[in-house]
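Novice: The structure that follows is given in the form of structure tokens.
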Amino acid sequence: MLLFNREGDCLAAKLRPGNVHSAEGWEELLVPEIERQKRLDKEVVFRADAAFAKLELYEALEERTVKYAIRLPANDYLHRRITELLTRPVGRPSYKPVVRYKSFLYQAPSWKQARRVVAKVEFHLRGVVPPAWASS
């Protein structure tokens, strides 16, 4: 597991066995670094893939007033909320990607509160890129 700053410098690293979950040990790597950055009066923003879409991680970040964007695993409810984005634009396909966004509140059954979700759908000349969701 690697932790980088916005300039691309590696701030922390943790080697884990290959047979554990990708987010295993996030707390012992992330929390001390957040606290260190806060002591340095730096703004902390966390971005991660869907392996880190864990309630306890959201709560730890929110307790420390850390902004975050973490990709959510897809589910039927999220797909239904963005059906209007999935219609291919009419006319000739653009050489440049057509990107659409939608923001809405979402509360998973295990969450105590709703969180903002931003969906992103991209249409490329050769097809659609599967939707991506990030909670914040």
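This note's numbering numbers the first residue of the sequence shown as 17 and each following residue consecutively.
Think of the CB as a built atom: it goes at the ideal place given N, C-alpha and C, for glycine as much as any other residue.
It should be emphasised that the depicted structure is a prediction, and the values quoted were computed from it without experimental measurement.
#1: For L45 and C26, I'd like the C-alpha separation in whole angstroms.
#2: Thinking C-alpha only, which one of V36, E49 and A85 is nearest S119?
#3: Span of the beta strand (DSSP E) holding Y84?
#4: Sorted by chain position, which residues of the same chain lie with C-beta nearer than 7 Å to L18's C-beta, five sequence neighbours on each side aside?
#5: Could one say the Cβ of E44 lies closer than 7 Å to chain C's Cβ atoms, at least one of them?
#6: Going straight from the alpha carbon of F139 to that of R87, what length do you get?
#7: Going along the chain, which residues of its own chain have a beta-carbon closer than 8 Å to the beta-carbon of G41, five neighbours each way excluded?
#8: If we count the other Cβ atoms within 10 Å of its Cβ and call it buried at 16 or more, is F62 buried or exposed?
#9: Would you say L141 and P89 are within 7 Å of each other, going by their C-beta atoms?
#10: Report the rounded CA-to-CA distance for R116 versus H95, giving the unit in angstroms.
#11: Can you name the start and end residues of the beta strand (DSSP E) that L18 belongs to?
Specialist: Looking at the atomic coordinates:
#1: To locate residue 45, count along the sequence shown from 1; it is residue 29. To locate residue 26, count along the sequence shown from 1; it is residue 10. Their backbone Cα atoms lie some 12 Å apart in a straight line.
#2: The residue labelled residue 119 in the question sits at position 103 within the sequence shown. It is A85.
#3: Within the sequence shown, numbered from 1, the residue matching residue 84 stands at position 68. Unbroken beta strand (DSSP E) run through Y84: K83 to R87.
#4: Stepping through the sequence shown from its first residue, residue 18 is reached at position 2. C26 and A29, listed in sequence order.
#5: The chain inventory of the structure shown lacks chain C, comprising one protein chain alone.
#6: Along the sequence shown, read from residue 1 onward, the residue named residue 139 stands at position 123. Along the sequence shown, read from residue 1 onward, the residue named residue 87 stands at position 71. Looking at the two C-alpha atoms, the distance is approximately 19 Å.
#7: As a working note, residue 41 is residue 25 in the sequence shown. The answer, listed in chain order, is M17, K30 and R32.
#8: For the purposes of this step, residue 62 is taken as residue 46 along the sequence shown, with counting starting at 1. Classification of F62: buried, given that the 10 Å Cβ count is 16 or more.
#9: Here the question's residue 141 lines up with position 125 in the sequence shown. Here the question's residue 89 lines up with position 73 in the sequence shown. For L141 and P89, no; Cβs fall outside 7 Å.
#10: Against the sequence shown, residue 116 aligns to sequence position 100. Against the sequence shown, residue 95 aligns to sequence position 79. Roughly 14 Å between the two C-alpha positions.
#11: Translated into the one-based positions of the sequence shown, residue 18 becomes position 2. Element bounds for L18: L18 to F20.
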